[in-house]
Amino acid sequence: MSGDGSLERFRREGRVVVVGASLAGLRAAETLREKGFAGSLTMIGDEPHEPYDRPPLSKTVLLGRAAAERTALPRLKEVDATWRLGVAATGLDMAGRRVRLTDGDEVPYDRLLIATGVRARPWPREAEAELDGVFVLRTRDDGAALARRLAAGPKRVLVVGAGFTGSEIAAACRERGLAVTVAERGASPLVGALGGVVGAVAADLQRRHGVDLRCGVMVTALEGDAAGRVRAARLSDGSTVETDVVVVSLGATRNTEWLAGSGLGAGPRGIACDAGCRAFDIRGIVTDDVFAAGDVARCPHPLFGYQFLSLEHWGNAVSQARVAAHNMLSESTDRIPHLEVPAFWSSQFGVNIKSVGVPSLGTEILIAQGSLEERRFVGVYGYQGRIIGAVSFDQARWLPFYQELIETTAPFPPEFATVDRRAEGRRPLDADFPDPSVPTHGPTVTLSGYSPADRRMTFTPAH
Amino acid sequence: MTPSPLHQILDYANRADPYPIYEELRRTPVHHEGDGPYVVSTYHEILGLLHDPRVSSDSRTVARTPHDPLAEPDQQESALPPSFLRLDPPEHDRLRRMTNRPFGPPHSPHRVDGMRGELRDIVTGLIDGIGDPDRFDLVDQFSYPFPVTVICRLLGIPREDEARFHTWADAIAASLDPDPDADPAERGKGAHDARMQLGMYLAGLIEERRRNPGDDMLSALATAQGEDGSMTTMELLSTAALLLIAGHETTVNLVTNGMLTLLRNPGSLQRLRADHRLAVPIVEELLRFEPPVQLVPQRVTLADVEVRGVTIPKGSSLWLVLASGNRDPRRFENPDRFDPDRRDIQHLGLGSGIHSCFGAPLARLEAQFALSELARRLENPRLLEDPPPYRRNAVLRGPRHLRIACDGIRA
Ligand SMILES: Cc1cc2nc3c(=O)[nH]c(=O)nc-3n(C[C@H](O)[C@H](O)[C@H](O)COP(=O)(O)OP(=O)(O)OC[C@H]3O[C@@H](n4cnc5c(N)ncnc54)[C@H](O)[C@@H]3O)c2cc1C
Ligand code: HEM
């Protein structure tokens, strides 16, 4: 599409189909309209709800401060679309440019955006997963159901997996005064995303707030009573936890199965795309009409040696959506790359945690400001002599400075003096990440090498 | 030789319109002369330095550069420990957190909102008291007393003591705004006495509040027992003095600059009269267009810091010229136009980073109430002189008097 007026025609009367009607899908649609796309827009989402926001689900919703039904995303712009909600896409015909739906319909497109995100990885044993009282947390319905159960005052909640979501759930339970056990296979909470040094602070935080935290253990089985309600969990150290609610928080699976056999470069690690959010096909050739954005996408990032990054970050979904929408409407020379430095936040146990860059790529950490002991600090991650990421506990206002150091590939360890540098900040420590070859549910950023193809991947469940 | 930008900023002759000087200054985003301070005047560079942990606000540990004309005189006289405005983390964070506990979210989300009724009453009372609509001074009759009364109510100063509080605040304010004709020794002494008396008064009140706490902020601060421990009486005195001065000297100018700007832009005044909700974007645009704090002096580098190719050596004083950053054409379209309809309005008027204005929610509400009520009640208001006479102070810049005439004052 160049120079022959076809782009103009597309902008006027083309057909855009967006699969996945959530954060990335909605923001892309809004951007298309904002940039003057006047053609038809179809939004396909398998959830029956209008686009809503997920971060509150593990925070205010579980505290009972906001209803799960009231998390609709604010609309930044009228999108004038045909909404096909409650209908899943089941297949993609790339040659015929059509999306197949569960109800048998086929929707033709000129440009397609795939924003199908991820889903919660369920408890691996199906019979146990079906017990009453066993939950996952990804959707609004999950959030409503779990919030209802917590409000009913269970005797104990067991959270399986202490990544960000699991830790936030545990924090919400404690704030509600509920007894909580957290079982984490790694050495500490958040270890996959932030490493052991910071993980130890997260563990301290949990214990101070009265969480019964068990690290280095796996939940091996869930037991139900005669009525089919969960009553206990067995742990790999031989112990048993009696509990009436289990929240399985073992990370996410990318929603790409529906693309199997389509020829698109999609697999368990997501959909490979170029820096402009254009998807690759399985031959490693970039397409011109299929785009991907949000949690389901994996994009090469110049700051991280052009390795493919998968990010389960709110901000990333928004910025990729904008890039994808812009590029759909642009001549090749006007396209823009997705260059944003990854950023993530979490609030748990009254602490605001924020990270920029890719901490999990770091091998060393320097506590540049504040102190681990006081649980208020900025930690800077180093990789091969440069700064690659930073994390803050209740010190978020400094992060823009460290983000700039990441963007300018500043040397690690930083040599300069800062305010609030303590004795512990004189020397870097081993960041203490677990062996990357063992998949964990922890990191919400995953580096997945240089290859757009995803055929060799085999998925090893954490349990 | 043209005088240096530094002296032009300080030169009283430029007080009414410093913006051409800033425009000139922005041609050298990091300006430095002799052994004076490094003057930073462009938006992105200022913002970066406000978030830069290599820049200290601590008044004690850092040696001052010899020729910073805005360096604080020794505060020995007051004998109070530095307030959190002049501290670095972790002390800054601890005191700010403790002060915030009874003031803002998450612990006190309703404090500022709960003051709406009171703010309205104060504004109404002051406008009712204006008297002769043919000629009045908005500064003396409205802008000056207003924030002092607000701080009194916030802290919980008993009504019968408010008059004394105003007298002290006026004396301290005068010392912050040196009148070249007044005898400096006299003036210094007046301010010194006022500080001492205010300190003694507050110390007594704190004792009283420890015994009989009310639901005011001073009581909450005096009796706090949180994870950060409690404030010593000295810390509490510094904090109360900070709230008084930071809230007074700024809000005065915001309200006065606001009215001045609206009188110069009658279209906006008209719109505000018709719809008081316009006060929100008007106040935001004012904080950009005529910021009451023109520049932040008293920052010092702890390490060599490179900004736009200039290396600012460790130990240098900085001036961050917020008012210039707010008019940076690389950041704002048509920066010299007053335009309340601007959507992109991330101004520097309330600072940024860890020292960003603590009182921002209150300041905004005060200015919104004041301007919308003035717009509604003053009938056909006119400026009697333009430009008005300004205060000497180049940092906390604003008119000393704003003489206005109007046809009448509505109920
Ligand atoms: C509990 C929770 C807390 C979080 N907290 C934070 C936080 O604090 N900070 C942060 O940065 N991020 C957080 N996140 C992550 C953030 O919400 C995600 O990054 C964001 O939702 C990604 O948006 P997305 O549109 O790419 O994907 P999603 O929001 O996952 O949306 C994908 C949509 O596509 C639908 N879909 C899937 N397959 C199909 C199909 N075949 N056909 C049709 N529709 C389909 C899905 O049902 C879903 O509605 C949190 C997530 C959760 C679940
Ligand atoms: C229009 C009104 C106001 C303006 C323009 C203003 C502006 C500012 C600015 C620019 C700063 C940053 C100073 C720096 O970076 O060193 C600041 C800090 C501060 N302001 Fe305000 N302010 C206003 C009103 C108030 C009010 C009403 C209060 C009190 C209730 C207040 C309390 C403070 C305090 C305590 C600080 C120090 C914060 C810290 O160091 O952490 N201000 N203000």
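Chains as they are written, first to last, in the numbering used here: chain A, 1 to 463; chain B, 1001 to 1411.
The beta-carbon is built from N, C-alpha and C at its ideal position, and this holds for glycine as well.
Keep in mind that this is a model prediction, so the values were computed, not measured.
Quiz prompt | Under 9 Å between C-beta atoms of His-1401 (chain B) and Asp-1134 (chain B) | solution = no
Practice problem: Please list, in chain order, all residues of the same chain as Ala-1013 (chain B) whose beta carbon is under 7 Å from its beta carbon, the five residues on each side excluded. | Solution: none
Quiz item: Under 9 Å between C-beta atoms, does Arg-1054 (chain B) make it to chain A?
Solution: yes
Quiz item: Looking at the unbroken alpha helix (DSSP H) that takes in His-326 (chain A), where does it start and where does it end?
Solution: 314 to 328
Quiz item: For Thr-1239 (chain B), which three-state DSSP category applies?
Solution: helix
Quiz item: In angstroms, rounded to a whole number, what distance separates the CA positions of Ala-172 (chain A) and Thr-71 (chain A)?
Solution: 17 Å
Self-check item: C-alpha gap between Gln-983 (chain B) and Pro-1147 (chain B), whole angstroms
Solution: Past the boundaries of the shown model lies residue 983 (chain B); chain B is included only from 1001 to 1411, so the question cannot be answered.
Quiz prompt | C-beta atoms of Asp-217 (chain A) and Ser-236 (chain A) nearer than 9 Å | solution = As written in the sequence, residue 217 (chain A) is Val, which differs from the Asp given in the question. Taking 9 Å as the Cβ cut-off, Val-217 (chain A) and Ser-236 (chain A) qualify as a contacting pair.
Quiz item: Identify the residues that DSSP records as bridge partners of Gly-467 (chain A): which are they?
Solution: Look at the range of chain A in this structure, 1 to 463, and you will see that residue 467 (chain A) is not part of it.
Self-check item: chain A contact for Leu-1269 (chain B) (CB, 9 Å cutoff)
Solution: no
Quiz prompt | Trp-123 (chain A) - DSSP class collapsed to helix/strand/coil | solution = coil
Practice problem: Measuring alpha carbon to alpha carbon, tell me which of B:Gly-1036, B:Thr-1028, B:Leu-1302, B:His-1347 ends up nearest Val-1283 (chain B). | Solution: B:His-1347
Quiz item: From the beta carbon of Lys-1314 (chain B), is the nearest beta carbon of chain A less than 9 Å away?
Solution: yes
Quiz item: Which of helix, strand or coil does DSSP assign to Gly-91 (chain A)?
Solution: strand
Quiz item: In chain B, what lies closer than 7 Å to Trp-398 (chain A) by C-beta?
Solution: His-1051, Pro-1053
Quiz item: Terminal residues of the continuous beta strand (DSSP E) containing Phe-344 (chain A)?
Solution: 343 to 348
Self-check item: Cβ neighbours of Thr-458 (chain A) in the same chain (closer than 6 Å, five flanking residues each side left out)
Solution: Bear in mind that a pLDDT of 36 at Thr-458 (chain A), under 50, signals an unreliable position, so the model cannot answer this.
Quiz item: Going straight from the alpha carbon of Asp-435 (chain A) to that of Glu-1366 (chain B), what length do you get?
Solution: 56 Å
Practice problem: Taking Pro-48 (chain A) as the reference, give the member of A:Lys-35, A:Leu-57, A:Leu-85 with the closest Cα. | Solution: A:Leu-85
Exercise. Run the proximity test for His-338 (chain A): is its beta-carbon closer than 8 Å to any non-hydrogen atom belonging to ligand 1?
Key: no
Self-check item: Where His-338 (chain A) falls: helix, strand or coil (DSSP)
Solution: coil
Quiz item: Where in the stretch 217 to 262 of chain A do unbroken runs of the beta strand (DSSP E), each at least 3 residues long, occur, reported from the N-terminal end onward?
Solution: 219 to 224, 230 to 235, 240 to 242, 245 to 248, 252 to 254
Quiz item: Whose Cβ in chain B lies nearer than 8 Å to the Cβ of Gln-369 (chain A)?
Solution: Pro-1053, Pro-1089
Self-check item: Minimum Cβ-Cβ distance from Gly-1353 (chain B) to chain A less than 9 Å
Solution: yes
Quiz prompt | Separation of Val-1039 (chain B) from Ile-336 (chain A), as counted between CA atoms | solution = 36 Å
Self-check item: Three-state class that DSSP yields for Met-43 (chain A) in the structure shown
Solution: strand
Self-check item: Burial state of Arg-9 (chain A), where buried means 16 or more other Cβ atoms lie within 10 Å
Solution: exposed
Quiz item: Around the Cβ of Tyr-508 (chain A), are there at least 16 other Cβ atoms within 10 angstroms (buried) or fewer (exposed)?
Solution: With chain A covering 1 to 463 only, the question about residue 508 (chain A) has no answer from this structure.
Self-check item: Proximal chain A residues relative to Ala-1303 (chain B), where beta-carbon distance stays under 9 Å
Solution: Glu-415, Phe-416, Ala-417, Thr-418
Exercise. Give me whichever residues DSSP pairs with Asn-352 (chain A) in a beta bridge.
Key: A:Ser-347
Quiz prompt | Candidates A:Gly-270, A:Gly-362, A:Val-380, A:Ala-38, of which the one nearest Gly-370 (chain A) by Cα | solution = A:Val-380
Quiz item: Taking only beta-carbon atoms, is Val-182 (chain A) less than 9 Å away from chain B?
Solution: no
Self-check item: Residue range of the unbroken alpha helix (DSSP H) whose run includes Leu-1371 (chain B)
Solution: 1360 to 1377
Quiz item: To which residues of the same chain is Ala-1016 (chain B) closer than 7 Å at the C-beta, ignoring the five residues directly before and after it?
Solution: Pro-1387, Tyr-1390
Quiz item: On the three-state DSSP scale, how would you describe Ala-485 (chain A)?
Solution: In the structure as shown, chain A starts at 1 and stops at 463, and residue 485 (chain A) therefore has no counterpart that could be examined.
Quiz item: Which two residues bound the contiguous beta strand (DSSP E) that contains Ile-271 (chain A)?
Solution: 270 to 272
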